[in-house]
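Residue numbers (the working numbering), protein chains in the order written: chain A, 2 to 321; chain B, 3 to 293.
See below:
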């Protein structure tokens with residue numbers, strides 16, 4: 002009797018566990034399946050591809066670490082790494098500082114602040130490709146907006162007696178000159194990123210504890226002191242996110258570079274994301290491209306870990 | 003009258019308090035840069051309405067002789083912009099729908115059932131959002147080819163759905179965690195199955211989060227360039243992003259046409275942004291400020 006009831010009970014548990022599994026599976030099966038096949042497996046497979054020679058027509062041939070050996074000696078790759086580092090440096094400083102400053106100012110309920118916010122944020126809504134196309138036009142030597150503007154300025158200077166030739170403005174090749182191209186390509190990226198950072202900080206400022214600010218005010222903190230020692234420390238979770246997102250976005254910068262310069266002239270604007278594409282699809286060296294992707298992934302991973310640690314910490318706080 | 007006055011005084015006092023500390027010079031600087039920020043867009047707009055000859059002859063800063071819609075009609079008709087726009091919608095709408103539905107299921111399961119894998123799965127999604135696309139590019143290209151969907155809308159719909167699933171599940175799961183579990187438990191006691199709870203309780207609760215996500219995802223998928231570049235080869239299947247980039251190759255010197263096309267291609271995302279601005283900004287910040 003007791004035995005029978007125990008048996009049915011354990012059988013019940015088994016059916017319950019099976020039911021539970023089936024229910025969970027009915028929710029997670031399709032999304033997880035898609036994610037595993039289209040995201041997780043490809044990520045792992047790229048590691049394997051980076052150890053092969055592959056021209057996309059014949060099957061990949063295993064060659065060990067050869068691609069990585071070539072990479073180390075590849076001057077274009079070195080250019081790409083340096084440019085990526087510069088890109089990161091600019092991205093974590095310029096738009097971050099500008100976005101934080103804007104958020105701090107616009108958090109004061111200025112008149113027409115909605116218009117101001119939209120003005121700064123608008124580039125974020127436009128596709129990077131379209132930004133690249135519009136800025137390519139801005140940079141055109143003869144018909145572009147920038148040189149036409151410089152021409153106007155030079156004319157003005159000439160009119161008040163300076164010895165300048167306004168026509169010379171039209172000879173500036175923003176995207177053609179290796180010394181100017183990288184800055185010219187970064188400008189639209191910064192233009193786009195600043196509004197994003199501003200929005201993140203504005204959201205962060207909303208969560209700043211008003212009581213703490215009041216208390217600091219009582220203690221005589223004002224202006225810069227208030228910002229530096231009270232508000233900025235309270236924004237540190239947002240700052241972490243902004244820095245990580247900026248770095249990841251720098252590593253992802255593909256659209257603007259690919260459309261504006263394709264990495265040229267003479268790899269002056271080459272970045273890893275574009276170099277990976279060019280090697281894989283223009284030169285048909287997909288194994289080599291995979292090796293570049295792995296390097297890119299390695300850089301991204303360092304910063305993703307930083308982000309994950311913060312998410313985990315918040316997670317533990319949340320459950321406690 | 004007597005009622006309105008204290009309210010007025012109150013308002014003035016409040017404005018005074020808020021405005022205190024912002025130096026007029028700073029306000030001038032913020033306005034200057036805001037207008038500067040708009041220059042590329044306004045400049046593009048003005049160029050798109052002018053003729054090529056007018057620009058060539060008199061320069062950009064001349065007063066336009068004629069305003070013309072010619073660049074827009076040429077972009078739409080000869081450059082096939084209409085087809086590109088249609089393709090973008092054919093790709094974006096199913097991806098968006100599938101992604102939002104599947105991730106709401108995913109988020110529900112991750113919050114409702116505390117099983118051994120729920121946390122690792124969550125971490126996988128978080129890590130996935132930061133993945134460089136380049137890491138998936140070649141295997142997805144190969145997989146699409148092997149499945150016979152390379153160079154079809156399906157290849158883009160599948161990768162967008164799968165990739166964006168990670169971000170959406172992450173956001174929705176955090177959204178769902180704010181719902182008290184007792185709500186679901188009492189429904190179980192009333193005899194509701196999990197799918198009924200999902201449909202009747204969880205999904206409606208997720209709607210505000212879904213709205214924020216959908217606006218954001220719409221622009222991300224609509225604005226995608228890299229995947230379309232790798233997975234679509236035929237010109238008549240291209241979405242507007244790679245379509246426009248392709249046009250530049252054909253109409254190299256005809257910049258008013260390219261600029262006009264670019265502006266038209268931005269209209270859908272602008273409509274989404276201005277129509278659903280509140281949700282859009284919520285979506286952008288939800289992943290960043292909440293864990």
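We put the beta carbon where it would ideally sit given N, CA and C, even for glycine. Quick caveat: nothing in here was measured; it's all calculated off a predicted structure.
Same chain, Cβ closer than 7 Å to residue i, neighbours up to 5 away in sequence not counted
i, result
"residue 108 (chain A)", "203, 206"
"residue 148 (chain A)", "142, 170, 171, 173"
"residue 47 (chain B)", "265"
"residue 216 (chain B)", "98, 102"
"residue 254 (chain A)", "88, 190, 272, 274"
"residue 93 (chain A)", "244, 247, 248"
"residue 23 (chain A)", "none"
Beta carbon proximity, residue i to chain B, threshold 7 Å
i, result
"residue 171 (chain A)", "no"
"residue 109 (chain A)", "yes"
"residue 46 (chain A)", "yes"
"residue 2 (chain A)", "With a pLDDT of 48 at residue 2 (chain A), under the threshold of 50, the modelled position of that residue is not reliable, and the figure given next carries that caveat. Cβ-Cβ to chain B under 7 Å: no for residue 2 (chain A)."
"residue 287 (chain A)", "yes"
"residue 255 (chain A)", "yes"
"residue 43 (chain A)", "yes"
"residue 272 (chain A)", "no"
"residue 1 (chain A)", "Because residue 1 (chain A) is not part of the residues shown, which for chain A are 2 to 321, the question remains open."
"residue 298 (chain A)", "yes"
"residue 87 (chain A)", "no"
"residue 252 (chain A)", "yes"
"residue 36 (chain A)", "yes"
"residue 93 (chain A)", "no"
"residue 72 (chain A)", "no"
"residue 294 (chain A)", "yes"
Proximity of residue i and residue j at Cβ, strictly below 7 Å
i, j, result
"residue 132 (chain B)", "residue 298 (chain A)", "no"
"residue 77 (chain B)", "residue 231 (chain B)", "no"
"residue 128 (chain A)", "residue 261 (chain A)", "no"
"residue 240 (chain A)", "residue 100 (chain A)", "no"
"residue 273 (chain A)", "residue 81 (chain A)", "yes"
"residue 57 (chain A)", "residue 285 (chain A)", "yes"
"residue 40 (chain A)", "residue 143 (chain B)", "no"
"residue 198 (chain A)", "residue 245 (chain A)", "no"
"residue 275 (chain B)", "residue 94 (chain B)", "no"
"residue 257 (chain A)", "residue 286 (chain B)", "no"
"residue 146 (chain A)", "residue 263 (chain B)", "no"
"residue 165 (chain A)", "residue 155 (chain A)", "yes"
"residue 54 (chain A)", "residue 62 (chain A)", "yes"
"residue 140 (chain A)", "residue 176 (chain A)", "yes"
Neighbourhood of residue i by C-beta distance below 8 Å, restricted to the same chain and skipping five residues each side
i, result
"residue 239 (chain B)", "89, 153, 154, 155"
"residue 232 (chain A)", "105, 206, 209, 214"
Same chain only: Cβ atoms within 6 Å of residue i, ignoring 5 sequence neighbours per side
i, result
"residue 127 (chain B)", "168, 171, 172"
"residue 281 (chain A)", "287, 290"
"residue 294 (chain A)", "47, 277"
"residue 52 (chain B)", "66"
Test: residue i CB closer than 7 Å to a CB of chain A
i, result
"residue 178 (chain B)", "no"
"residue 167 (chain B)", "yes"
"residue 39 (chain B)", "yes"
"residue 151 (chain B)", "no"
"residue 53 (chain B)", "no"
"residue 28 (chain B)", "yes"
"residue 108 (chain B)", "yes"
"residue 142 (chain B)", "yes"
"residue 270 (chain B)", "no"
"residue 2 (chain B)", "The question about residue 2 (chain B) has no answer, for chain B in this structure spans 3 to 293."
"residue 297 (chain B)", "For chain B, the structure presents residues 3 to 293; residue 297 (chain B) sits outside this window and is missing."
- Task: Return the residues of the stretch 183-207 of chain B that lie within a Cβ-Cβ distance of less than 9 Å from chain A, sorted by chain order.
- Result: 195, 196, 197, 200
- Task: Quick one: which residues of the stretch 68-84 of chain B get their C-beta closer than 8 Å to a C-beta of chain A? List them in chain order.
- Result: none
- Task: Kindly provide the ranges of any alpha helix (DSSP H) runs that are 4 or more residues long and lie completely inside the stretch 58-87 of chain A, ordered along the chain.
- Result: 67-74
- Message: To be precise: take each residue of the stretch 248-261 of chain B, compare its Cβ to all Cβ atoms of chain A, and keep it if any distance is under 7 Å. Which residues remain?
- Response: 250, 257, 260, 261
- Query: Taking Cβ-Cβ distances below 9 Å as the criterion, which residues of the stretch 211-235 of chain B are in contact with chain A?
  - Reply: 221, 224, 225, 226, 227, 228, 231, 232
- Message: So if I threshold CB-CB distances at 7 Å, which residues from the stretch 133-167 of chain A count as touching chain B?
- Response: Those residues of the stretch 133-167 of chain A that come within reach of chain B (Cβ to Cβ, closer than 7 Å) are 134, 135, 136, 138, 139, 141, 144, 146, 149, 153.
- Please list the residues of the stretch 184-197 of chain A that have a C-beta atom closer than 9 Å to any C-beta atom in chain B, keeping them in chain order. 189, 192, 195, 196, 197
- Message: Counting only Cβ-Cβ distances shorter than 8 Å, please list the residues of the stretch 13-31 of chain A near chain B, keeping chain order.
- Response: From the stretch 13-31 of chain A, only 21, 24, 25, 27, 28, 29, 31 have a Cβ closer than 8 Å to chain B.
- Curious, which full-length alpha helix (DSSP H) runs of at least 4 residues does the stretch 199-237 of chain A contain? 211-219, 224-227
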